[in-house]
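J.: In my numbering, the protein residues as written are 17 to 517. Structure incoming, see below.
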Amino acid sequence: MSWLLAFPFLLPTLAALLTFLARERARLARVLSVGSCGLLLLVSLAIFALVESEGVLAAQMGGWPAPFGITLVADRLSAVMLLVAAVVGLTVAVFALSDIDPLHEQLGFYSYFQLLLAGVCGSFVTGDLFNLYVWFEVMLIASFALLVLGGERIQLDGGIKYVAMNLVSTLLMLTAIGLLYGLTGTLNMAQLHLALSEVDNPLALDLLAVLFICAFGIKAAIFPLFFWLPASYHAPPVAVTAVFAGLLTKVGVYALIRTFTLIFPAGDGLAHDILLGAALLTMLTGVLGAAAHYEFRKILAFHIVSQIGFLILGLALHSPLALAGAVFYMVHNIVAKTNLFLISGTAQRLTGSFELAEIGGLYRASPLLAALFFIAAFSLAGFPPLSGFWAKFLLIKASLDQAAYWVAGVALITGALTLFSMSKIWAEAFWKDHPANACAGLATLSGADRLQRLLPVVLLALITVALGFAPEPFIDFSLAAAAQLLDPGAYLAAVLTPPAD
Numbered sequence: 017m018s019w020l021l022a023f024p025f026l027l028p029t030l031a032a033l034l035t036f037l038a039r040e041r042a043r044l045a046r047v048l049s050v051g052s053c054g055l056l057l058l059v060s061l062a063i064f065a066l067v068e069s070e071g072v073l074a075a076q077m078g079g080w081p082a083p084f085g086i087t088l089v090a091d092r093l094s095a096v097m098l099l100v101a102a103v104v105g106l107t108v109a110v111f112a113l114s115d116i117d118p119l120h121e122q123l124g125f126y127s128y129f130q131l132l133l134a135g136v137c138g139s140f141v142t143g144d145l146f147n148l149y150v151w152f153e154v155m156l157i158a159s160f161a162l163l164v165l166g167g168e169r170i171q172l173d174g175g176i177k178y179v180a181m182n183l184v185s186t187l188l189m190l191t192a193i194g195l196l197y198g199l200t201g202t203l204n205m206a207q208l209h210l211a212l213s214e215v216d217n218p219l220a221l222d223l224l225a226v227l228f229i230c231a232f233g234i235k236a237a238i239f240p241l242f243f244w245l246p247a248s249y250h251a252p253p254v255a256v257t258a259v260f261a262g263l264l265t266k267v268g269v270y271a272l273i274r275t276f277t278l279i280f281p282a283g284d285g286l287a288h289d290i291l292l293g294a295a296l297l298t299m300l301t302g303v304l305g306a307a308a309h310y311e312f313r314k315i316l317a318f319h320i321v322s323q324i325g326f327l328i329l330g331l332a333l334h335s336p337l338a339l340a341g342a343v344f345y346m347v348h349n350i351v352a353k354t355n356l357f358l359i360s361g362t363a364q365r366l367t368g369s370f371e372l373a374e375i376g377g378l379y380r381a382s383p384l385l386a387a388l389f390f391i392a393a394f395s396l397a398g399f400p401p402l403s404g405f406w407a408k409f410l411l412i413k414a415s416l417d418q419a420a421y422w423v424a425g426v427a428l429i430t431g432a433l434t435l436f437s438m439s440k441i442w443a444e445a446f447w448k449d450h451p452a453n454a455c456a457g458l459a460t461l462s463g464a465d466r467l468q469r470l471l472p473v474v475l476l477a478l479i480t481v482a483l484g485f486a487p488e489p490f491i492d493f494s495l496a497a498a499a500q501l502l503d504p505g506a507y508l509a510a511v512l513t514p515p516a517d
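What follows is the structure, encoded as structure tokens:
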């Protein structure tokens, strides 16, 4: 059944082609987009179930054995990332039916959206660094097109900053890949694990590790490489920002986790000191930026940066519990952050603005939307017993287990400031009355709009509640995924063992 591993990127690639051909027929393009995302979810569920029942899956494209051919691999981390990416893809595709206007549809929104999903899913299943670079470039092309689609001034300004920093990341990544190949003669991740263990050149290994931190750190938006994110994420339509917020930076974090558990597996040294410092500074700078802003999307954009710090913290601490916390936190954050951006889009549709000073009255206008915001926002802040509480609990406990009390203190301060930002949005957008001079009043949603906007939000909120009120199964899964990352024997065997005749 290993051939299933190609489907997560083949399905959206085919959908990108079909929706491009159907871009003049909006209804058909919408059906193709939502249908493809539904199929992607089914395939991701199948892969997740197979990984749980059979262990690590690997496929060699074209029958070429590793490390000579293209390898596709799915372990627990890959499987859960595919699954949550498919959930985000489907919910955003449904939300886009109401959010994306006819001009963006004609310009090819659905094609670029599907191409972005192909790049994300391809990154999660690839087993070699060069193909990881290829999928990153697919994501860059698709995300830049989505960012500037429509050609408004604010979009072009954000797009230039976005693409400039990502081109720097590309150059750093190619440089690191070239040096690594020159040192080992391979780019297969499993083979690199074995080859680098025999390299007796600590300086070269530290240099390569730092290059990969910089390359993937730009894509993950870690300190001090994050400034492109809040400068660009408020520019495109909300459906675009939501999928960016949920997936793009998390692919960068995934690449860091994969690199520094499989290729550079040591849990100490220069690279992990850099990661720990970057994690703490990312948490603090992101949350302080959010506290200083009063625009809905900009607050959420800075919180993307802040939450990335928690994910990198789990990698930097490099214990089983810390990595389990990073896995749990990744899934929780993707769901909650995507949901918050979708809610911000509906709030803007109802009130006419993203500026907190110009909106209000949402609690009375839509109690359901207010309840859904409360779930996502206070989960992000780590409010018990929602999913964010358990994710932060695992990371803070891992910090305390290593006697890193100041690390736990920074995490707690960041959580408190996150609660402040979320309370600010609640008080301004939901609780206070709508200002009479801002606009004529609250708009209303048609039946179709209400369904297309609220159904995805309800689904994501239910996932957040489920992870919070019944965390044990997913904590167990996260611990198993962390054990697999720290002991890659099953991964190496699946990739490097020739198939039986």
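Even for Gly, the Cβ is constructed at its ideal location relative to N, Cα and C.
Ignoring anything shorter than 4 residues or poking outside the segment 193-230, list the alpha helix (DSSP H) runs there in chain order.
T.: Entirely contained in the segment 193-230, the alpha helix (DSSP H) runs reaching 4 residues are, in chain order, 205-212.
J.: Under a Cβ-count criterion, where at least 16 other Cβ atoms within 10 Å of its own Cβ denotes burial, should Glu121 be classed as buried or exposed?
T.: By the 10 Å Cβ count, Glu121 comes out buried.
J.: When burial is assigned at 16 or more other CB atoms within 10 Å of the CB, is Thr35 buried or exposed?
T.: Thr35 should be labelled buried.
J.: Name the residue from Val303, Pro28, Gly166 and Val215 whose alpha carbon lies nearest to the alpha carbon of Val136.
T.: Minimum Cα distance to Val136 is reached at Pro28.
J.: Once you ignore the five residues that flank Pro118 on each side, which residues in its own chain have a CB closer than 8 Å to its CB?
T.: Correct list, in chain order: Ala42.
J.: Using only alpha-carbon positions, find the residue among Asn349, Leu190, His348 and Leu327 that is nearest to Leu339.
T.: Ranking the options by Cα distance to Leu339, first place goes to Leu327.
J.: Quick one: is Phe344 buried, meaning 16 or more other Cβ sit within 10 Å of its Cβ, or exposed?
T.: Looking at its Cβ environment, which holds 16 or more other Cβ atoms inside 10 Å, Phe344 is buried.
J.: So, for Gln364: in the same chain, excluding its five sequence neighbours on each side, which residues have a beta-carbon less than 6 Å away from its beta-carbon?
T.: Excluding positions up to five away in sequence, the list reads Phe370.
J.: Ile116: buried (16+ other C-beta within 10 angstroms of its C-beta) or exposed?
T.: Per the 10 Å Cβ criterion, buried.
J.: Since Leu296 and Val108 should fall inside the 8 Å C-beta cutoff, what is the C-beta to C-beta distance between them, to a whole number of angstroms?
T.: Not quite, the Cβ-Cβ distance comes to about 31 Å (not below 8 Å), so this is no contact.
J.: In whole angstroms, what separates the C-alpha of Leu93 from that of Gly368?
T.: Distance between the alpha carbons of Leu93 and Gly368 is about 40 Å.
J.: Check this for me: beta carbons of Arg313 and His250, under 8 Å apart or not?
T.: In contact: Arg313 and His250 (Cβ atoms closer than 8 Å).
J.: Report the CB separation of Ala161 from Tyr128 in whole angstroms; it is logged as a contact under 8 Å.
T.: Sure, about 4 Å apart at Cβ, within 8 Å.
J.: Name the residue from Val511, Ser415, Phe405 and Leu356 whose alpha carbon lies nearest to the alpha carbon of Ala386.
T.: Minimum Cα distance to Ala386 is reached at Leu356.
J.: So, with DSSP's three-state summary, where would you put Ala294?
T.: Note: Ala294 maps to helix in three-state DSSP.
J.: Please report the straight-line C-alpha distance between Asp417 and Lys448, rounded to a whole angstrom.
T.: Distance between the alpha carbons of Asp417 and Lys448 is about 43 Å.
J.: If we ignore side chains and look at the alpha-carbon of each, how far apart do Gln207 and Pro83 end up?
T.: Rounded to the nearest angstrom, the two C-alpha atoms are 7 Å apart.
J.: Are Leu316 and Ser360 touching if we call contact CB-CB under 8 Å?
T.: Closer than 8 Å, so yes.
J.: Around the C-beta of Thr460, are 16 or more other C-beta atoms found within 10 angstroms, so that it is buried, or is it exposed?
T.: Looking at its Cβ environment, which holds fewer than 16 other Cβ atoms inside 10 Å, Thr460 is exposed.
J.: Sorted by chain position, which residues of the same chain lie with C-beta nearer than 6 Å to Glu311's C-beta, five sequence neighbours on each side aside?
T.: Phe370 and Glu371, listed in sequence order.
J.: Apart from the five residues just before and just after Ala456, which ones in its own chain have a Cβ nearer than 7 Å to its Cβ?
T.: Legend: pLDDT at Ala456 = 44, less than 50; position of this residue unreliable, value from coordinates given subsequently. Nothing listed; no residue qualifies.
J.: Starting from Asp144, follow its DSSP beta bridges and name the residues at the other end.
T.: Answer is Asn204, bridged to Asp144.
J.: Count the other CB atoms within 10 Å of the CB of Pro240; is the residue buried (16 or more) or exposed (fewer)?
T.: Burial call: exposed.
J.: Straight-line CA distance for Thr200 to Leu221?
T.: Distance between the alpha carbons of Thr200 and Leu221: 11 Å.
J.: If you run the structure through DSSP and keep just helix, strand and coil, what is Leu56?
T.: Three-state DSSP puts Leu56 in a helix.
J.: Work out the CA separation of Pro24 and Ser159 for me, nearest whole Å.
T.: Looking at the two C-alpha atoms, the distance is approximately 18 Å.
J.: Going by DSSP, which residues form a beta bridge with Ile530?
T.: As shown, the chain starts at 17 and ends at 517. That puts residue 530 outside it, with no answer to give.
J.: Tell me which residues share the same chain as Gly78 and place their Cβ nearer than 8 Å to its Cβ, disregarding the 5 neighbours each side in the sequence.
T.: Counting only Cβ-Cβ distances below 8 Å, and skipping sequence neighbours, we find Gly85 and Ile86.
J.: Start and end of the alpha helix (DSSP H) containing His348?
T.: Looking at the DSSP string, the run of the alpha helix (DSSP H) that includes His348 is Pro336 to Thr367.
J.: Whose C-alpha, out of Ala392, Phe260 and Phe280, is nearest the C-alpha of Leu224?
T.: Leu224 has its Cα closest to that of Phe280, out of Ala392, Phe260 and Phe280.
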